[in-house]
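There are 2 protein chains.
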Amino acid sequence: MTASRHNNGERTVIPLQVAGCCDDVATAPRNPRLNEQVKLLSAIADPTRLRIIEMLSGACDSICVCDITTQFDLGQPTISHHLKVLRDAGLVNWEKRGLWVYYSLNRPAFEEMTGYLSGLLSATQLAGASR
Amino acid sequence: MTASRHNNGERTVIPLQVAGCCDDVATAPRNPRLNEQVKLLSAIADPTRLRIIEMLSGACDSICVCDITTQFDLGQPTISHHLKVLRDAGLVNWEKRGLWVYYSLNRPAFEEMTGYLSGLLSATQLAGASR
DNA sequence: GAGATGTATTGACAATCATCGATATAGTCT
DNA sequence: AGACTATATCGATGATTGTCAATACATCTC
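Chains A and B are the protein sequences, given in the same order.
Numbers in the numbering used here are just positions in the first sequence, counted from 1, shifted up by 45.
Numbers in the numbering used here are just positions in the second sequence, counted from 1, shifted up by 45.
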């Protein structure tokens, strides 16, 4: 039963989707990029990985995996796994130099994610202010 | 083995953590709010919940649960569960009016999250520009 | 070539999570 | 009071995920 079809009870008394405001509210955006954003967000929605991102964001350059591993009470394969998740999401760059591997933050990818989230906030403001 | 202790191989040839740049790179931030951020990010790192957030952000006002449920090929208890996750994370406000429950985006909480992520980006810039 | 070292991959396991059906709760209407 | 409706909660189940030990791979040194 859609909002606009309620015709009794308090439902119609409350001027929410009535008064011509946002009539298409019930239409889900079905944003085609939604799944990409979910992948990016899932990648950083983990305490270990977010802490790695913080390390990378605070560094002026790449960080050696060996310097990341020592910061956690986790095994080396586990850290390697988390780095792979970040890699697969495209959030980090990596480069092998000799025996060591260096990771750095992929700024454009991170910016796309934050831009998307900020866009959601401004969408609310616009919707609220446009009437 | 810490980065600064490498004394052979190509490791020391690359001027990354040397040259006095970001010597504390190996010190993880241990941000006390990190777990809060993980909770917020986990809440929206799901296709159903992110789509709900998109709906709420695009609406000028609260949205009735009944109008959310119809947009998904999911059972009503499942939608209710996802709304509870968003509620527990503090990302949405909700209000019961008569028989219906209305949800809206908790803008300050959402702004805190986006602000945190934007802060990570500027931290990179600062670190990179400060030398 | 042989040994040593840093990192990635594999396979297994326990924990978490998304989903569902059934049920409970709370409000409305007759 | 009783029927009805919208939403939340509960319990179970299959899928996903974080972690580890073992192993593989690549590179360096001798």
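All residues carry an ideal CB built from backbone N, CA and C; glycine is no exception.
B:N76 touches chain A at which residues, Cβ-Cβ below 9 Å? L95, R96 and E99
If we cut at 8 Å on Cβ distances, does A:T123 have a partner in chain B? Among the residues facing chain B, A:T123 is not included, as its CB has no counterpart in that chain under 8 Å away.
Determine the extent of the beta strand (DSSP E) in which B:N138 is found, giving its start and end residues. It spans V137 to R142 - the beta strand (DSSP E) in which B:N138 sits, taken as one unbroken run.
Would A:F155 and A:L131 qualify as a contact pair, given that the criterion is a beta-carbon distance under 8 Å? no
Straight-line Cα distance separating B:L150 from B:N138: 6 Å
Determine whether the Cβ of B:N80 lies closer than 8 Å to any Cβ atom of chain A. Yes, B:N80 counts as interfacial toward chain A.
Would you mind telling me which residues of chain B sit closer than 9 Å to A:L131, beta carbon to beta carbon, in chain order? Those do not exist, as A:L131 stays about 13 Å from chain B at its closest Cβ, beyond 9 Å.
Is any beta-carbon of chain B found at less than 8 Å from that of A:L166? yes
Identify, in the order they occur along the chain, each residue of the same chain with its Cβ nearer than 8 Å to the Cβ of A:T114, setting aside the five sequence neighbours on each side. Q121 and I124
Rounded to a whole number of angstroms, what is the C-alpha to C-alpha distance between B:Y148 and A:R142? 51 Å
Which value, in whole angstroms, describes the spacing of the CA atoms of B:E81 and B:W145? 30 Å
For chain B, is any of its Cβ atoms less than 8 Å away from the one on A:V110? no
Would the region 102-113 of chain A and the region 97-111 of chain B be scored as touching if the rule is three or more Cβ pairs under 8 Å? Contact between the region 102-113 of chain A and the region 97-111 of chain B is absent: fewer than three C-beta pairs spanning the two stretches fall below 8 Å.
Answer with yes or no whether the minimum CB distance from A:V83 to chain B is below 8 Å. yes
Rounding to the nearest angstrom, what Cα-Cα distance links B:A134 and A:D91 in this structure? C-alpha separation (whole angstroms): 15 Å.
Checking 8 Å against the spacing of the C-beta atoms, do B:H127 and B:I89 come in under that value? For the 8 Å CB-CB criterion, B:H127 and B:I89 do not form a contact.
Would a C-beta distance cut-off of 8 Å place B:L166 and A:R152 closer than the cut-off? yes
For B:L119, the nearest candidate out of B:G164, B:V83, B:K84 and B:T93 (CA to CA): B:T93
Take B:S102 and list the residues in its own chain whose beta-carbon comes closer than 6 Å to its own, dropping the five residues that flank it on each side. L150
Going along chain B, which residues have a C-beta under 7 Å from A:A90? V83, L86, S87 and A90
So, A:L162 versus B:L162, is the Cβ gap smaller than 8 Å? yes
Give a yes or no on whether 8 Å exceeds the smallest Cβ distance from A:G103 to chain B. yes
Chain-ordered chain B contacts of A:L119 [CB-CB under 7 Å]: In chain order: nothing, as chain B lies at least about 12 Å away.
Run through the DSSP bridge pairs and tell me what B:S149 is partnered with. B:N138
Within its chain, find whatever has a CB closer than 8 Å to the CB of A:G164; leave out the 5 residues flanking it on each side and keep chain order. none
Mark B:E140 as exposed unless 16 or more other C-beta atoms lie within 10 angstroms of its C-beta, in which case mark it buried. exposed
By the criterion of Cβ-Cβ separation under 7 Å, what are the contact partners of A:E157 in chain B? Ordered by position in chain B, no residue passes the 7 Å Cβ test against A:E157, which lies about 11 Å from the chain.
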